[in-house]
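First comes the structure, then the notes that go with it.
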Amino acid sequence: MKLTLEAHGQTRTVDVFSQEGLEMVSSLWVKLYAQYKLTHNCTWMGVPIIQFPEDIMMMEELIWKVRPDVIVECGFAHGGSALFYGSLMELMGKGIVVGVDVEIRPYNRIAVQNHPMGHRVRMVEGSSIEADTIRQVKSFIRPGDKVVVLLDSNHSKEHVAREIELYREFVSPGSYLVVMDGAQAFVWDMPDGKQEWKDDNPLAAIEDFMASAKGQDEFEIDEHFTRLFVTSNPKAYLRRKTGR
Ligand SMILES: C[S@@+](CC[C@H](N)C(=O)[O-])C[C@H]1O[C@@H](n2cnc3c(N)ncnc32)[C@H](O)[C@@H]1O
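FYI, in my numbering the residues of the sequence shown are 178 to 421.
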């Protein structure tokens, strides 16, 4: 079975069942997902969660692997993702999620507070890169806690680079800094895409950081969690090295 794709003035034909075919079909699916905003169609226990189902599954695996005491999530939105992580913590019998958002709408706050998993979630309103926000986040972390940090807020390269700089210190050895939505780099050419996303995206921030001395010294990219090909989070799973 062959697939022919015409894009940007070039035509490519590949065998669908080859590695190249798998990569091409996956990348097309990511573009369609973004164009049709299919990620806005899922809920976790009744609350919208804006993630690819494949990525939700990968986060389940990551959380079970690390068994964190605290998950810091920049970009809380409706709170569905925080409640998902909180549900896993409930099953594990420990842990809280600290959700940060520049705006937590009152009805979202109330829905999370009243949710059966709401007791696992703390909310901090403010820009993720403001000093007061960082101070509040820090107040939820105790010495020795295992901490995972998820960056899923403003997806500009500059903002994500600043978040990486500010939040990487919270990530405990062997745990993860997950920089989400790097696939913005690959969907600029969909009908609703923006030309500037080609260079201005979280993936560019990840690549710059991982090319830096600090990045190489402190973290390594774990490809295990991107093995399903269909993901919004390429090169996103930065594992903190243990020997520091
Ligand atoms: C993609 S949504 C987060 C989705 C959520 N993590 C989920 O999986 O359901 C991005 C969120 O980032 C928030 N945001 C944008 N700029 C921000 C900033 N500077 N600081 C904190 N949050 C920000 C937006 O208000 C929005 O709710």
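Virtual Cβ for every residue (Gly too), placed ideally from N, Cα, C.
Terminal residues of the continuous alpha helix (DSSP H) containing residue i?
i           : result
residue 276 : Counting along the chain, residue 276 falls outside any alpha helix (DSSP H), though it belongs to the beta strand (DSSP E) covering 273-278.
residue 310 : 308-315
residue 130 : Summary: the structure shown does not reach residue 130, with the chain confined to residues 178 through 421, and so no result is reported for it.
residue 395 : 390-395
residue 205 : 196-212
residue 268 : 257-269
Answer with buried or exposed for residue i, where buried requires no fewer than 16 other C-beta atoms within 10 angstroms of its C-beta.
i           : result
residue 372 : exposed
residue 217 : exposed
residue 284 : exposed
residue 271 : exposed
residue 184 : exposed
residue 353 : buried
residue 329 : buried
residue 377 : buried
residue 310 : buried
residue 307 : exposed
residue 287 : exposed
One question on the structure: do residue i and residue j come within less than 9 Å of each other, judged by their Cβ atoms?
i           : j           : result
residue 151 : residue 396 : Outside the modelled stretch of the chain, which goes from 178 to 421, sits residue 151, for which no answer is possible.
residue 259 : residue 298 : yes
residue 380 : residue 351 : no
residue 276 : residue 301 : yes
residue 289 : residue 248 : no
residue 418 : residue 384 : no
residue 256 : residue 292 : yes
Are there any heavy atoms of ligand 3 lying less than 8 Å away from the beta-carbon of residue i, as far as the coordinates show?
i           : result
residue 218 : This structure does not include ligand 3; its bound ligands are ligand 1.
What's the C-alpha gap between residue i and residue j?
i           : j           : result
residue 232 : residue 239 : 10 Å
residue 362 : residue 246 : 32 Å
residue 387 : residue 180 : 34 Å
residue 368 : residue 382 : 24 Å
residue 279 : residue 241 : 29 Å
residue 356 : residue 415 : 8 Å
residue 442 : residue 243 : In the structure as shown, the chain begins at 178 and stops at 421. Residue 442 is therefore absent and cannot be evaluated.
residue 374 : residue 194 : 30 Å
residue 305 : residue 199 : 36 Å
residue 406 : residue 339 : 27 Å
residue 230 : residue 214 : 13 Å
residue 421 : residue 265 : Confidence at residue 421 is low in this model, with a pLDDT of 49, below 50, so the placement of that residue is unreliable and no value is reported for it.
Check residue i in the structure and name its three-state DSSP category.
i           : result
residue 353 : strand
residue 408 : coil
residue 365 : coil
residue 377 : coil
residue 230 : helix
residue 224 : strand
residue 287 : helix
residue 324 : strand
residue 318 : coil
Over the uninterrupted beta strand (DSSP E) stretch that includes residue i, give me the two end residues.
i           : result
residue 249 : 247-251
residue 415 : 414-417
residue 422 : As displayed, the chain neither begins before 178 nor continues past 421, which places residue 422 out of reach and without an answer.
residue 182 : 179-184
residue 300 : 298-302
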